[in-house]
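Enquirer:
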Amino acid sequence: MAQRNRQEPSPNRVRKLDNDYIRSSENNVKHKPSKQQLIRRRRRMLAFFAVASVIIFSLASMLMKQYNHLEAKEQKKAEVLAELEQIQEVQEMLKLQIAKLEDDEYIAKLARKEHFMSEEGEIIFTIPKGGQSKEQEQDDE
């Protein structure tokens with residue numbers, strides 16, 4: 001058998017194709033992350049989302065607490081304003097009563113009405129409240 005002179009192909013004899021597909025596939029091979037890098041990236045993303053979710057949850061709970069606190073304060077404010085309005089009405093009534101009590105004629109009229117005091121020669125008659133006499137009340141029973 002005849003031996004042929006076989007030479008191993010040298011790297012210089014193999015030609016590389018130079019087109020876009022070959023260049024992009026070479027870039028992909030060079031930049032393809034390893035499995036460890038992918039695992040590390042996933043762990044980092046998981047840690048980031050865990051921390052972010054804890055922060056968001058804490059902020060949301062604080063917001064809800066503040067909202068409830070504000071709502072309670074608004075309710076308390078409404079109650080206090082209603083009480084203030086009642087007190088102001090009482091105060092106005094008392095001021096009016098003070099003004100009336102400074103009038104001598106009003107004091108005399110009040111003394112006659114409530115304490116049955118009379119001037120000389122004056123007769124006081126009392127009329128039952130509600131406009132009914134004692135006879136009518138007995139008839140109703």
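The UniProt record's numbering applies: residue 1 is where the sequence shown begins, and numbers increase by one. Quick reminder that beta carbons are idealized off the backbone N, C-alpha and C, glycines included.
1) For the alpha helix (DSSP H) containing Val-54, list its first residue and its last residue.
2) Taking Ile-107 as part of the alpha helix (DSSP H), name the residues at either end of that continuous run.
3) Closer than 6 Å by C-beta to Ile-124: which residues in its own chain qualify, once you throw out the five before and the five after it? Chain order, please.
4) Do the CB positions of Arg-41 and Pro-33 come within less than 9 Å of each other?
5) Rounded to a whole number of angstroms, what is the C-alpha to C-alpha distance between Leu-17 and Asn-27?
6) Does the distance from the C-beta atom of Arg-112 to that of Glu-122 stay below 9 Å?
7) Measure the C-alpha to C-alpha separation of Tyr-106 and Val-90 and round it to an integer number of angstroms.
Expert: Checking against the coordinates, here is how it stands:
1) That run of the alpha helix (DSSP H) goes 35 to 101.
2) Segment 104 to 115, the alpha helix (DSSP H) holding Ile-107.
3) These residues qualify, in order along the chain: Phe-116 and Ser-118.
4) Yes, these two residues count as a Cβ contact at 9 Å.
5) About 14 Å.
6) Contact flag set, yes.
7) Approximately 20 Å, taken between the alpha carbons.
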